[in-house]
Amino acid sequence: MIANQKEVQVYRSFAQHNFRQIPQIIHLTDEEIMDIDVVSHVLPFKTNNYVVDELINWDNVPDDPIFTLTFPRKEMLIPEHYNKMRSAMERGATKNEIKILANEIRHQLNPHPAGQLEHNVPMIEGQRLSGMQHKYRQTVLFFPSQGQTCHAYCSFCFRWPQFVGMDEWKFAMRESELMVKYLKAHTEVTDLLFTGGDPMIMKNKIFSGYINALLDADIPNLQTIRIGTKALGYWPYKFLTDDDAEDTLRTFEKIVKSGKNLAIMAHFNHPVELSTPAVQEAIKKVIATGAQIRTQSPIMRNINADPKIWAEMWRKQVNLNCIPYYMFLARDTGAQHYFAIPLVEAWEIFRDAYQQVSGVCRTVRGPSMSATPGKIQILGVSEVAGKKVITMRMLQGRNPDWIAKPFFAEYDKDAIWLDDLKPAFGEKKFFFEDELAQMFHEELGFESRIHNLE
Ligand SMILES: *Cc1c(COP(=O)(O)O)cnc(C)c1O
Ligand code: SF4
Numbered sequence: 055m056i057a058n059q060k061e062v063q064v065y066r067s068f069a070q071h072n073f074r075q076i077p078q079i080i081h082l083t084d085e086e087i088m089d090i091d092v093v094s095h096v097l098p099f100k101t102n103n104y105v106v107d108e109l110i111n112w113d114n115v116p117d118d119p120i121f122t123l124t125f126p127r128k129e130m131l132i133p134e135h136y137n138k139m140r141s142a143m144e145r146g147a148t149k150n151e152i153k154i155l156a157n158e159i160r161h162q163l164n165p166h167p168a169g170q171l172e173h174n175v176p177m178i179e180g181q182r183l184s185g186m187q188h189k190y191r192q193t194v195l196f197f198p199s200q201g202q203t204c205h206a207y208c209s210f211c212f213r214w215p216q217f218v219g220m221d222e223w224k225f226a227m228r229e230s231e232l233m234v235k236y237l238k239a240h241t242e243v244t245d246l247l248f249t250g251g252d253p254m255i256m257k258n259k260i261f262s263g264y265i266n267a268l269l270d271a272d273i274p275n276l277q278t279i280r281i282g283t284k285a286l287g288y289w290p291y292k293f294l295t296d297d298d299a300e301d302t303l304r305t306f307e308k309i310v311k312s313g314k315n316l317a318i319m320a321h322f323n324h325p326v327e328l329s330t331p332a333v334q335e336a337i338k339k340v341i342a343t344g345a346q347i348r349t350q351s352p353i354m355r356n357i358n359a360d361p362k363i364w365a366e367m368w369r370k371q372v373n374l375n376c377i378p379y380y381m382f383l384a385r386d387t388g389a390q391h392y393f394a395i396p397l398v399e400a401w402e403i404f405r406d407a408y409q410q411v412s413g414v415c416r417t418v419r420g421p422s423m424s425a426t427p428g429k430i431q432i433l434g435v436s437e438v439a440g441k442k443v444i445t446m447r448m449l450q451g452r453n454p455d456w457i458a459k460p461f462f463a464e465y466d467k468d469a470i471w472l473d474d475l476k477p478a479f480g481e482k483k484f485f486f487e488d489e490l491a492q493m494f495h496e497e498l499g500f501e502s503r504i505h506n507l508e
């Protein structure tokens, strides 16, 4: 179904309570429908009319990659969790019992990977800025409280605790005032990255409030404003026919006119998301404001674990004037058992795809895992002194001195995360481990000192 972009597209979302109203659901078996119901009590589930009508090929369901991307299925929970939830539902457990069980299961799914909650929270004037994260020297993340949702949810999302109402895990802040103060005090910061959820879920009224506060504050060290978003993939009408589409584009223009670089960090998982007239038109409009679009995606089994898909995706992105940026590895959270692929296999796919495209697509870096010490890129498998090893380097590090320094792990074809790897050549620890432990120690010491002063 091709939508006419001139026609206003009214956003309609589907979730656990109303997905049975999706007309195309007749393509699913009763069992598959039941599975969506069971799993969506634990993992977040939301899709919308654009995803359902223009992206999913219903003749190819349940294998369709975009179906897998937004619809839960049985295998996304381990059998023990699935069976527990299913039998609770079948015996007619109360809403509250289901909720308690769901939270119990969620707590076992490592909801905050890589020390996200306890570390990296910046402080100013003795206050924790809980809506911000400052892990890497030049870049601060900002989670505007109105951007803590998305136009649809990815079934592999690691931000899921923010979406399922586990309030104690929500990090968000209300005012931009403290953010401006922090950026002024930290002249090493050049980049501010709006993230979420999806900050492009915000109406321009709210979004431009944050932007105006930043631009009016005149912070010379702030040079790039980045917006991490999946709106181009899940709801391109945000930039075409939504009632604030034009105003949002004008806000983008204003950022560029102020002399700052505006980078839209667009999340695309599959070439299908680049194929509709709506997304192509939306990309044109965004680029016409002077913004750059950089693209990123995790590599996921059952969605895009194939070099042909990546080569096609990067080439299509460049043809649409987007800049390929990161290939990520599946984080150690949520349905990782269903989506994760071993590090070595991910590197093989990356390498194969990278060989198929020209240099203009090779701005992409990866595969990279966002682990506690930093963003770690798998450079590949090599043989050193007759021993097979995995070579890595950090693209970002908690300590900038760690960046771009190759290091080695014992070859392990099954390893899917840093924790699974052992340092090569009989070393007991990776080169950064002692310093990392020291940093955490100091961070805690710092906080308690602040506390004592108050
Ligand atoms: C990836 C990331 C950034 C941005 O890193 P770049 O390499 O500059 O894109 C910033 N903060 C955190 C916590 C990140 O994971
Ligand atoms: S778009 Fe990003 S934040 Fe939103 S559900 Fe997908 S991965 Fe999560």
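My numbering puts the first residue of the sequence shown at 55, with every later residue one more than the last.
No residue lacks a Cβ here, since even glycine has one placed at the ideal position from N, Cα and C.
Values in this document were obtained by computation on a predicted structure and should not be read as measured data.
Item to complete: Would you be able to state if there are at least three C-beta pairs under 8 angstroms between the segment 347-360 and the segment 315-325?
Response: yes
Worksheet entry | Close beta carbons around methionine 448, own chain, < 6 angstroms, minus the five adjacent residues each side | Gly428, Ile430, Trp456, Ile457
Worksheet item: So which of Arg452, Tyr465, Met423, Gln492 has the shortest CA-CA distance to lysine 442?
Response: Tyr465
Worksheet entry | Outcome for asparagine 150 when other beta-carbon atoms lying within 10 angstroms are tallied against a minimum of 16 | Its Cβ having fewer than 16 others within 10 Å, asparagine 150 is exposed.
Discussion item. Closer than 7 angstroms to a non-hydrogen atom of ligand 2 - does that hold for the CB of histidine 324?
Written reply: no
Practice prompt. Pull up the distance between the alpha-carbon of isoleucine 80 and that of isoleucine 110, whole angstroms please.
Written response: Distance between isoleucine 80 and isoleucine 110, taken at the CA atoms: about 14 angstroms.
Discussion item. Could you check whether the Cβ of aspartate 455 sits closer than 7 angstroms to any heavy atom belonging to ligand 1?
Written reply: Not under cutoff, so the answer is no.
Item to complete: Kindly give me the distance between the Cβ atoms of lysine 235 and isoleucine 273, rounded to whole angstroms, as I take these residues to be in contact under 8 angstroms.
Response: Incorrect: roughly 10 angstroms between the Cβ atoms, too far for contact.
Worksheet item: Looking only at DSSP bridge pairs, what is glutamate 464 linked to?
Response: Val443
Worksheet item: Closer than 7 angstroms: is that where the CB of lysine 284 sits relative to any heavy atom of ligand 3?
Response: With respect to small molecules bound, the structure shown includes ligand 1 and ligand 2 and not ligand 3.
Discussion item. Closer than 7 angstroms to a non-hydrogen atom of ligand 2 - does that hold for the CB of aspartate 386?
Written reply: It does not: the Cβ of aspartate 386 is nowhere closer than 7 angstroms to a heavy atom of ligand 2.
Discussion item. Please give me, in chain order, every unbroken run of the alpha helix (DSSP H) with length at least 4 that falls completely inside the segment 348-379.
Written reply: Here the runs fully enclosed are 361-373.
Discussion item. Extract the residue ranges of the alpha helix (DSSP H) inside the segment 70-155, only unbroken runs of 4 or more that lie entirely within it.
Written reply: 84-93, 119-124, 133-144
Fill in: Assigned exposure category for histidine 510 - 16 Cβ within 10 Å defines buried
The question about residue 510 has no answer here: the residues shown for the chain are numbered 55 through 508.
Worksheet entry | As assigned by DSSP and simplified to three states, the class of leucine 490 | helix
Worksheet item: Heavy atom of ligand 1 less than 7 angstroms from the Cβ of threonine 193, yes or no?
Response: yes
Worksheet item: From the DSSP output, which residues share a beta bridge with glutamine 187?
Response: In the DSSP output, where bridge partners are listed per residue, glutamine 187 has Leu195.
Practice prompt. Give the straight-line distance between the Cα atoms of serine 209 and alanine 439, rounded to the nearest whole angstrom.
Written response: 42 angstroms
Discussion item. Quick check for students: name the residue ranges of the alpha helix (DSSP H) that lie wholly in the segment 227-268, counting only runs of 4 or more.
Written reply: 231-239
Practice prompt. Please classify asparagine 315: does DSSP put it in a helix, a strand, or coil?
Written response: strand
Worksheet entry | Nonlocal neighbours in the same chain, by C-beta distance under 7 angstroms from asparagine 258, ignoring five residues either side | Here the set comprises Asp298, Asp301, Thr302, Thr305.
Worksheet item: Buried or exposed: which applies to lysine 338, given that a residue is buried once 16 or more other Cβ atoms fall within 10 Å of its Cβ?
Response: exposed
Worksheet entry | Nearest-residue set for ligand 2, Cβ under 6 angstroms from any heavy atom | Cys204, Tyr207, Cys208, Cys211, Arg213, Gly250, Gly251, Asp252, Lys284, His321
Worksheet item: Below 8 angstroms, can you find three or more Cβ-Cβ pairs linking the segment 138-149 to the segment 181-191?
Response: Counting Cβ pairs under 8 angstroms, fewer than three are found: no touch.
Worksheet item: Hey, would you say the C-beta of lysine 292 is under 7 angstroms away from at least one heavy atom of ligand 1?
Response: no
Practice prompt. Kindly indicate which three-state DSSP category leucine 383 falls into: helix, strand or coil?
Written response: Leucine 383 falls in the strand class under three-state DSSP.
Worksheet item: Can you check whether the CB of valine 105 is closer than 8 angstroms to the CB of alanine 206?
Response: yes
Practice prompt. Following the continuous alpha helix (DSSP H) through isoleucine 337, name the residue where it begins and the one where it ends.
Written response: 331-342
Worksheet item: Which same chain residues, not among the five before or five after glutamine 162, have their C-beta less than 8 angstroms away from its C-beta?
Response: For glutamine 162, where only same-chain residues beyond five positions count, the Cβ hits under 8 angstroms are His135.
Item to complete: Take lysine 311 as the anchor and find which of Tyr288, Pro331, Ala342, Glu335 has the nearest alpha-carbon.
Response: If we check each option's Cα against that of lysine 311, Ala342 comes out closest.
Fill in: C-alpha gap between cysteine 103 and valine 93, whole angstroms
The question names cysteine, yet the displayed sequence has asparagine at residue 103. The straight-line gap from Cα to Cα measures roughly 21 angstroms.
Worksheet item: Is it right to say tyrosine 65 is buried, meaning 16 or more other beta carbons lie within 10 angstroms of its own, or is it exposed?
Response: exposed
Worksheet item: Between the C-alpha atoms of isoleucine 444 and alanine 271, what's the straight-line distance to the nearest angstrom?
Response: 46 angstroms
Worksheet item: Between the segment 355-370 and the segment 407-419, are three or more C-beta pairs nearer than 8 angstroms?
Response: yes
Worksheet item: isoleucine 403 lies in the alpha helix (DSSP H); which residues open and close that run?
Response: 397-409
Discussion item. If I measure Cβ to Cβ from asparagine 358 and keep anything under 6 angstroms in the same chain, skipping five residues before and after, which residues do I get?
Written reply: If you ignore the 5 residues before and after asparagine 358, its C-beta comes within less than 6 angstroms of the C-beta of Asn323, His324, all in its own chain and listed in chain order.
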